[in-house]
Structures are given as structure tokens and as C-alpha cells.
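Presented below is the structure to which this report refers.
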Amino acid sequence: MTITGPNVVGQADTITLTGDCVGYPPAERIGVRIDGQDYASFATNSCDSGEWGQTGWTPLSLGNHTLMAYITISGELVDSLSETVTVGTAVPPTTTTVP
Numbered sequence: 003m004t005i006t007g008p009n010v011v012g013q014a015d016t017i018t019l020t021g022d023c024v025g026y027p028p029a030e031r032i033g034v035r036i037d038g039q040d041y042a043s044f045a046t047n048s049c050d051s052g053e054w055g056q057t058g059w060t061p062l063s064l065g066n067h068t069l070m071a072y073i074t075i076s077g078e079l080v081d082s083l084s085e086t087v088t089v090g091t092a093v094p095p096t097t098t099t100v101p
């Protein structure tokens with residue numbers, strides 16, 4: 003799972019899920035949960051290594067958020083990984099006046 007973006011309230015990040023399911027039968031769903039809530043999921047019938055799905059996320063609150071990427075087979079969670087993202091506020095541009 004790769005999270006790309008400013009990690010700022012109100013500005014979009016991109017979550018990209020990559021991987022493979024070597025050692026498992028083909029996954030039926032892969033997805034993302036944010037702070038324990040289902041956020042996005044994708045159907046897949048492949049174990050091919052590479053990009054499995056991508057979604058946008060616009061954080062609406064400050065602080066730490068837990069993002070979990072997961073794989074399910076026959077409705078059962080078989081693998082997951084979590085990452086904590088700290089969301090802050092945008093830094094306003096500064097203006098310097100030269101006399």
C-alpha cells in the first residue's frame with residue numbers, strides 16, 4: 003500500500019494497492035479500511051504481482067488515521083497490513099516584503 007499526497011485536511015491523497023497473493027488461491031477482494039471502516043474494495047481474480055487498485059482519499063480531520071490494506075478469499079480475511087498516517091493542516095504561503 004502506497005499513500006501519496008500532502009496528508010492535509012481537505013486535500014486529496016491517493017492510495018495505491020500493490021502486491022501478489024503467492025501461496026494463496028486467487029484473492030476475491032482486496033481493499034482498504036480507514037480507521038476500522040471499509041473505504042474501498044476491488045474484485046480481483048489474479049495473483050499477478052503489480053498494481054491491484056487505486057482510490058482517492060480526502061482526510062476530513064486532523065491527527066492519526068490507520069489505513070489497512072487487506073485481502074479476502076471466500077469472504078475470510080487472509081492477510082492485511084496497516085499504516086498510520088498523520089494528517090495536518092496546510093501551511094499558508096508566506097509573503098516577505100523587502101523595503
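According to my numbering, the stretch in the sequence shown is residues 3 to 101, in order.
Ideal Cβ positions, reconstructed from N, Cα and C, are used throughout, including at glycine.
Distance between residue j and residue i (C-alpha atoms, nearest Å)
i     : j      : result
Thr18 : Gln56  : 4 Å
Thr20 : Gly33  : 11 Å
Thr37 : Val100 : Note that residue 37 corresponds to Asp in the displayed sequence, not to Thr. Rounded to whole angstroms, Asp37 to Val100 spans 46 Å at the Cα level.
Thr76 : Pro27  : Thr is not the amino acid found at residue 76; the sequence shown has Ser there. So the alpha carbons of these two residues sit roughly 10 Å apart.
Asp5  : Asp50  : Sequence inspection shows Ile at residue 5; the Asp mentioned does not correspond to that position. About 21 Å.
Gly7  : Thr88  : 12 Å
Leu69 : Val93  : 24 Å
Glu53 : Asp22  : 9 Å
Limits of the unbroken beta strand (DSSP E) element including residue i
i     : result
Ala71 : Gly65 to Ile75
Asp1  : Residue 1 cannot be examined here, being either before or after the span of the chain that is shown, 3 to 101.
Ser82 : Glu78 to Val89
Distance CB(residue i)-CB(residue j) smaller than 8 Å
i     : j     : result
Met3  : Leu79 : no
Gly12 : Thr60 : yes
Arg31 : Ala42 : no
Thr16 : Gly58 : yes
Residues bridged to residue i [DSSP beta-bridge criterion]
i     : result
Glu53 : Thr20
Test: residue i CB closer than 8 Å to a CB of chain B
i     : result
Gly55 : Although the question refers to chain B, the structure presented lacks it and comprises just one protein chain.
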